[in-house]
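Residue numbers (my numbering): 10 to 655. Every residue, glycine too, gets a C-beta built ideally from N, C-alpha and C. Inspection log for the structure reproduced underneath, given as structure tokens.
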Amino acid sequence: MNKQSIFKNFFNSVDLKSSLLFLGIGLVIIAMTLWNWHYDVKPRLINEAQSNTRVLASSYARSIESQFQNVTGQTDISVIHNSINEMLLINDPTTGEKLYYGITLEVDYDAFPADYDLVNFNVGETSCKSCIITENPIYKSGSGELIAILKIYANPVFYQRLVEDIVNDLALMLIGIIIVLVVAWLTSNRLMERIREHERSLVYEIAERKSAEERLHQVAAYDQLTNLPNRYLLQADFARKLEESGRNGKMLATLFFDLDNFKEVNDVHGHETGDALLKQVAKRMSGVTRNYDLLARFGGDEFVMIMSNLDDRLDVNQVVEKIIAGFVPAFDLPGATVHITTSVGISIFPEDGNDPNELLKNADLAMYRAKAEGRNCYQFFSSEMNLELQYSQWVATNLRRALDDNRLKLYFQPQVNLETGAVESCEALIRWPQEDGENINPDDFIKIAERTGQIVEVSNWVVNEACRVTREWMDQGYETVRVDINLSGKDFANRGVLYKFLQIIQRHHLKAGQIGVEIAENILLEPTDQVINALTVLHNAGVHISIDDFGTGYSSLNSLKRLPLAGIKIDESFVHAAPNSKDDLTIMQAITLAGQGFGLDVIAEGVETEWHQTLCKEVGCNTIQGNYVSKPLTPEDFAARYLKKN
10 MNKQSIFKNF FNSVDLKSSL LFLGIGLVII AMTLWNWHYD VKPRLINEAQ SNTRVLASSY
70 ARSIESQFQN VTGQTDISVI HNSINEMLLI NDPTTGEKLY YGITLEVDYD AFPADYDLVN
130 FNVGETSCKS CIITENPIYK SGSGELIAIL KIYANPVFYQ RLVEDIVNDL ALMLIGIIIV
190 LVVAWLTSNR LMERIREHER SLVYEIAERK SAEERLHQVA AYDQLTNLPN RYLLQADFAR
250 KLEESGRNGK MLATLFFDLD NFKEVNDVHG HETGDALLKQ VAKRMSGVTR NYDLLARFGG
310 DEFVMIMSNL DDRLDVNQVV EKIIAGFVPA FDLPGATVHI TTSVGISIFP EDGNDPNELL
370 KNADLAMYRA KAEGRNCYQF FSSEMNLELQ YSQWVATNLR RALDDNRLKL YFQPQVNLET
430 GAVESCEALI RWPQEDGENI NPDDFIKIAE RTGQIVEVSN WVVNEACRVT REWMDQGYET
490 VRVDINLSGK DFANRGVLYK FLQIIQRHHL KAGQIGVEIA ENILLEPTDQ VINALTVLHN
550 AGVHISIDDF GTGYSSLNSL KRLPLAGIKI DESFVHAAPN SKDDLTIMQA ITLAGQGFGL
610 DVIAEGVETE WHQTLCKEVG CNTIQGNYVS KPLTPEDFAA RYLKKN
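In structure tokens:
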């Protein structure tokens with residue numbers, strides 16, 4: 010039975026019951042009133058009226074009795090007659106009605122010798138049926154002997170008036186009761202009618218409110234895409250599970266998942282495909298989750314799992330390995346088949362934290378370590394990671410200040426043509442000097458800047474500074490060489506840096522060929538149309554584009570063919586190892602051969618010795634760069650040593 014039918018039956022039953030109740034109350038009151046009148050009120054009224062009449066008549070009888078005590082002759086008898094006649098003249102002062110209709114006096118001649126005709130008599134009406142008759146004996150005062158009997162026939166006015174008044178009052182009372190009952194019944198019916206009028210809207214409002222509450226709860230507590238608990242519900246249940254684990258003396262594991270290269274899926278296949286992928290990921294992960302564990306979507310492509318009441322870390326290993334293995338089969342999506350992996354960070358209660366925020370932060374940090382270790386794996390949090398986090402936070406904070414205060418510096422390392430021995434180009438290397446004279450490792454703060462998003466500001470600064478120095482050399486009369494700067498993969502995700510690149514060159518009145526670009530090798534992994542278009546624009550403008558650290562990442566000959574490149578740089582690790590490693594030497598030869606085959610300049614990095622230089626020349630490299638030629642120099646020192654005056 011639905012709520013509407015329940016309300017309807019309830020109000021109908023209330024209406025019927027109220028009508029029957031009012032009718033029953035009215036009948037009971039009337040019946041009780043009539044019964045009480047007949048068996049109680051009326052007899053008491055009659056008794057009261059008679060009693061009052063007797064009392065009044067008795068008082069007059071006592072007066073006549075006293076006169077009898079003093080009778081000595083005919084005159085005294087006359088006084089008695091006069092008193093009796095005066096009684097018949099007494100009227101009710103309110104209505105004017107006669108109080109007494111008649112009187113009779115019967116004298117005992119033995120006790121009171123007198124003329125019978127003078128003493129015994131009847132006055133007034135003594136035959137009325139409705140009169141109240143009182144017999145009042147008169148005694149002789151000395152001997153107590155009965156002298157006479159005085160009968161008084163009283164008008165029943167007291168009785169009649171009292172009965173009439175009560176009857177009138179009773180009638181008014183019954184009429185009032187009936188009016189009250191009718192008004193109450195009409196009022197209740199009207200109230201029931203109004204309640205019934207609002208019944209449908211009330212039921213509808215309750216149903217709508219319930220539905221709205223359910224929708225609000227669903228929106229507030231669950232992710233609308235995957236139907237998993239969202240961050241709000243995660244925080245609420247996290248605290249409860251943490252308290253439960255602490256009370257039971259058990260471990261609790263926080264698993265932080267991040268999909269590897271999810272952004273590339275969105276960029277290549279579109280956001281609808283990305284959403285479909287997230288749904289399938291949530292389904293696969295839910296299939297591995299234990300019933301009493303909590304899996305939530307934390308945001309974007311991040312998921313969090315809370316495993317409570319654990320006895321051993323091995324329980325965590327088994328679950329997370331199953332989840333990672335679940336990513337091995339391809340995801341069949343509308344219009345695409347996608348292979349994707351996940352990186353997982355794990356923190357354990359109580360050793361890694363005692364509150365949800367701390368455990369989530371540490372699991373997130375461990376997840377970044379998993380990505381740094383090559384992705385598609387999991388890492389447990391350690392105290393060293395916390396120190397790294399503090400260092401990263403210090404770097405991020407102070408790097409911004411260094412940018413604002415222009416405390417970053419560019420150093421320039423020459424690149425020598427092996428055939429001519431001339432310095433035809435150089436690489437601009439960023440340095441961050443500290444007050445103690447030491448420099449923060451560029452690899453460290455560049456990685457941190459990429460993670461925090463500050464790399465865009467750093468790249469903008471490098472481009473501007475390289476152009477400024479080149480312009481300054483020209484203004485000082487030097488014949489400049491090409492200055493190559495490094496751009497991050499993040500710069501290709503942010504169109505601002507690439508599309509401002511040519512504008513910055515033009516603002517410093519330079520030619521596009523005076524500034525070169527070195528890009529990271531991982532950009533060669535499935536380069537997007539956006540990357541190819543941006544590089545093509547720079548290439549067509551005359552910008553020299555080369556691949557940095559070639560051979561260490563995701564190199565692809567097909568990518569070399571697709572991208573508008575002018576050169577490749579062999580990573581220094583091969584140069585250092587080639588003298589003692591046939592494999593590394595073979596890799597150098599293969600890279601050089603491939604580069605020359607595509608018509609690219611081949612530059613060898615990390616040339617530290619004459620042996621390195623000779624080896625690079627033997628394998629066919631065009632250009633070398635390293636400390637054997639020169640360490641990175643300040644703009645002034647580089648110009649003085651390697652640039653010629655016009």
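Selected residue, minimal CA-CA separation from residue i, among the options
i: MET483; options: GLN523, ALA372, PRO451 and ALA458; result: GLN523
i: THR429; options: LEU200, ARG650 and ILE633; result: ILE633
i: MET182; options: ILE73, ILE38 and LEU114; result: ILE38
i: SER468; options: ILE449, ARG409 and PHE247; result: ARG409
i: ILE612; options: GLU433, SER391, GLU382 and VAL472; result: GLU433
i: ASP413; options: ALA345, GLN463, VAL277 and ASP310; result: GLN463
i: ALA7; options: PRO423, ALA193, LEU264 and ARG199; result: This structure does not reach residue 7, given that the chain is present from 10 up to 655, and the question cannot be answered.
i: ASN732; options: LYS138, LYS520 and LEU190; result: Since the first residue of the chain shown is 10 and the last is 655, residue 732 is not available in this structure.
i: ALA603; options: GLU617, LEU574 and ILE449; result: LEU574
i: TYR387; options: ASP361, ASN366, GLN327 and ASN415; result: GLN327
i: HIS585; options: GLY551, ASP558 and HIS621; result: HIS621
i: TYR377; options: PHE336, GLU459, TYR301 and TYR213; result: GLU459
i: ALA372; options: LYS138, VAL478 and PHE312; result: PHE312
i: ASN415; options: GLU619, GLU474 and THR643; result: GLU474
Neighbour-count burial assignment, residue i, 16 or more Cβ in a 10 Å radius
i: PRO238; result: buried
i: ASP592; result: exposed
i: HIS207; result: exposed
i: LYS250; result: buried
i: MET41; result: exposed
i: PHE647; result: buried
i: LEU98; result: exposed
i: GLY608; result: exposed
i: VAL472; result: buried
i: GLY354; result: buried
i: GLU106; result: exposed
i: VAL192; result: exposed
i: GLY258; result: exposed
i: ASN636; result: exposed
8 Å contact criterion, which residue i and residue j should meet: CB distance rounded
i: LYS267; j: SER356; result: One point to set straight first is that residue 267 is Asp, not Lys, in the sequence displayed. Their Cβ separation, rounded to whole angstroms, is 14 Å, which puts ASP267 and SER356 out of contact at 8 Å.
i: TYR110; j: TYR69; result: So it is not a contact: roughly 14 Å between Cβ atoms.
i: SER497; j: ALA529; result: 7 Å
i: ALA334; j: HIS348; result: With 8 Å as the limit, ALA334 and HIS348 do not qualify as a contact, their Cβ atoms being about 14 Å apart.
i: MET260; j: PHE358; result: 6 Å
i: GLY308; j: ARG240; result: 6 Å
i: LEU657; j: LEU572; result: With the chain represented from 10 up to 655, any question about residue 657 goes unanswered, as that position is not in the structure.
i: VAL88; j: GLN76; result: 6 Å
C-beta contact flag for residue i and residue j at 9 Å
i: ILE147; j: LEU159; result: yes
i: ILE579; j: GLU614; result: yes
i: MET314; j: LEU323; result: no
i: ALA262; j: LEU319; result: yes
i: SER72; j: SER92; result: yes
i: TRP403; j: LYS418; result: no
i: ASP500; j: ALA437; result: no
i: ALA248; j: ALA230; result: no
i: GLU253; j: SER317; result: yes
Cut-off 7 Å between Cβ atoms - residues of its own chain near residue i, not counting five sequence neighbours on either side
i: GLU115; result: ASN129, ALA157 and ILE158
i: PHE583; result: GLY560, ASP593, ILE596 and MET597
i: GLU627; result: none
i: ASP321; result: none
i: THR601; result: VAL611, VAL628, GLY629 and CYS630
i: LYS235; result: In the sequence as displayed, the identity of residue 235 is Thr instead of Lys. Cβ within range, chain order: LEU287, LYS288, ALA291 and ARG306.
Beta-carbon proximity list for residue i, same chain, < 6 Å, skipping 5 on both sides
i: ASN385; result: THR350
i: LEU374; result: MET394 and LEU398
i: THR461; result: ALA405
i: GLY185; result: none
i: SER401; result: ILE457
i: ILE332; result: MET294 and VAL297
Sequence-distant residues of its chain with Cβ nearer than 8 Å to residue i (five each side left out)
i: ALA431; result: VAL425
i: ARG491; result: GLU433, SER434, CYS435, GLY522, GLN523, ILE524, GLY525 and HIS553
i: GLY133; result: LEU97, TYR109, TYR110, GLY111, ILE112 and TYR162
i: LEU342; result: HIS278, THR282, ALA285, LEU286 and GLN289
i: LYS654; result: GLY486, TYR487 and GLU488
i: LYS640; result: GLN422
i: ARG256; result: none
i: LYS570; result: PHE607
Proximity test, residue i beta-carbon vs the ligand PLP heavy atom, cut-off 8 Å
i: THR479; result: Judged by which ligands are present, the structure shown has none, so any question about the ligand PLP falls away.
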